[in-house]
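**Q** Take this structure, written in structure tokens, and hold onto it; I'll ask about it next.
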Amino acid sequence: GESVGLHLPTLSVQEGDNSIINCAYSNSASDYFIWYKQESGKGPQFIIDIRSNMDKRQGQRVTVLLNKTVKHLSLQIAATQPGDSAVYFCAEGLTGGGNKLTFGTGTQLKVEL
Amino acid sequence: DAGVTQSPTHLIKTRGQHVTLRCSPISGHKSVSWYQQVLGQGPQFIFQYYEKEERGRGNFPDRFSARQFPNYSSELNVNALLLGDSALYLCASSLELFRSGANVLTFGAGSRLTVL
């Protein structure tokens, strides 16, 4: 399929290394944040979410950190694998806003063997 | 279990035409949302529907319209197509509308619209 990551910032990591993808969000009132992974030709796939009353949440090989002071979100992927190669988007939402999410511009992660 | 299914997967239209895109949510999901993703950008919110009612609209012109049917499937219609409407149109479904708890949106693979 067509490349989702055309002209996006790119992060290249070696297989087995840890990856850190950063995101600045825009609305200080946002209270729900999600990371999505999008592979070529596919829709965004949920990875992990975090609410604004937390500053860290861990999943399987992934950790999300939230710094509300500077409106910054990061996704850490441990022991990066070739299957992690994709475009990663952060998205922000608001309680009461339904399913309206505001997505960031995305980061292309390339895993080198 | 089938995920969110969208049709058609690809289509080509010319300026001025209209298009109808279709979405079937995950079984049991009552909410459907539509997003537009221009190449190289993140998805942008267009509409959300819950229980057949529009519950939110993004910053898109009136040429964009949608509806949700009693079986919770949905259509997105775009009239008077412009070149700038070329994009991947994503449908996402969720069990309920996100309110006070985590409510995972599940996206379909999208409909790729090219306007010539």
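Sequence order for the protein chains is L and A. Mapping to the working numbering: the first sequence position 70 is 670, numbers consecutive. Mapping to the working numbering: the second sequence position 50 is 942, numbers consecutive. Beta carbons are placed, not taken as given, at the ideal position from N, Cα and C, and that holds for glycine.
Who are the neighbours of A/S986 on chain L, taking C-beta pairs under 7 Å?
**A** Within chain L, the residues near A/S986 are N699.
**Q** Note down, in chain order, every chain L residue with its Cβ under 9 Å from the Cβ of A/V911.
**A** Ordered by position in chain L, no residue passes the 9 Å Cβ test against A/V911, which lies about 18 Å from the chain.
**Q** May I ask you to report which of helix, strand or coil DSSP gives L/L665?
**A** Strand at L/L665.
**Q** For A/Q909, count the other beta carbons within 10 Å of its own beta carbon; 16 or more makes it buried, fewer makes it exposed. Which is it?
**A** Exposed, by the Cβ-count rule.
**Q** By the 10 Å Cβ neighbour count, where 16 or more other Cβ atoms means buried, how is A/T1006 classified, buried or exposed?
**A** So A/T1006 counts as exposed.
**Q** Hey, could you find the ends of the beta strand (DSSP E) A/N971 is sitting in?
**A** Careful: A/N971 lies outside any beta strand (DSSP E) and carries neither H nor E.
**Q** Under 8 Å by Cβ, that's how I've got A/A984 and A/Q898 pegged, so tell me the actual separation to the nearest angstrom.
**A** Not really, about 10 Å apart at Cβ, beyond 8 Å.
**Q** Per DSSP, A/L903 forms a beta bridge with which residues?
**A** Its beta-bridge partners are A/L1005.
**Q** In terms of alpha-carbon separation, which member of A/V996, A/L982, A/L987 lies closest to L/G693?
**A** Among A/V996, A/L982, A/L987, the Cα nearest to that of L/G693 is on A/V996.
**Q** Over what stretch of residues does the beta strand (DSSP E) that includes A/V930 continue unbroken?
**A** That residue, A/V930, is in no beta strand (DSSP E); it is neither H nor E in DSSP.
**Q** DSSP three-state label for L/D684, please.
**A** The answer is helix: DSSP assigns L/D684 an H, G or I state.
**Q** Please give the ranges of any beta strand (DSSP E) in the segment 620 to 645 of chain L, keeping only runs that are unbroken, at least 3 residues long and fully inside the region.
**A** Entirely contained in the segment 620 to 645 of chain L, the beta strand (DSSP E) runs reaching 3 residues are, in chain order, 632 to 638.
**Q** Can you pull the chain L neighbours of A/L974, defined as C-beta to C-beta under 8 Å?
**A** Within chain L, no residue comes near A/L974; the closest Cβ sits about 20 Å away, beyond 8 Å.
**Q** Could you spell out the range, first to last residue, of the beta strand (DSSP E) harbouring A/Y964?
**A** Looking at the DSSP string, A/Y964 is not in any beta strand (DSSP E), and its letter there is neither H nor E.
**Q** For L/Q676, which residues from the same chain have a beta carbon less than 6 Å from its beta carbon, with the 5 sequence-adjacent residues on both sides left out?
**A** Hits under 6 Å: I620, T663.
**Q** If the cut is a Cβ gap below 8 Å, which residues of chain L does A/L989 touch?
**A** What A/L989 touches in chain L: G698, N699.
**Q** Which residue or residues does DSSP assign as beta-bridge partners of A/R949?
**A** A/F939, per the DSSP bridge assignment.
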